[in-house]
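Engineer: Can you keep this structure in mind? I'll have questions shortly.
Numbering (our numbering), first residue to last: 1 to 43.
Here is the structure:
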């Protein structure tokens with residue numbers, strides 16, 4: 001999971017292409033972060 005201040009679609013695209021499971025823009029919404037973590041843990 002990448003949390004970044006870079007908010008362009010290209011930044012998100014490259015992060016996901018390099019293997020990130022998720023890309024969130026800062027400031028991160030805690031509920032969204034927990035949702036993604038739960039999804040990844042459950043597989």
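Idealized CB from N, CA, C, for every residue including glycine.
Small disclaimer: the values here were computed from a predicted structure and weren't measured.
Since I believe residue 40 is in contact with residue 21 (beta carbons under 8 Å), could you give me their beta-carbon distance rounded to a whole number of angstroms?
Structural biologist: 6 Å
Engineer: Since residue 2 sits in a beta bridge, which residues does DSSP pair it with?
Structural biologist: 23
Engineer: Would you grab the beta carbon distance between residue 3 and residue 26 for me? Rounded to a whole angstrom, and I think it's under 8 Å.
Structural biologist: Yes, residue 3 and residue 26 are in contact; Cβ-Cβ is about 6 Å, under 8 Å.
Engineer: For residue 24, which residues from the same chain have a beta carbon less than 8 Å from its beta carbon, with the 5 sequence-adjacent residues on both sides left out?
Structural biologist: 1, 2, 3, 4, 32, 33 and 36
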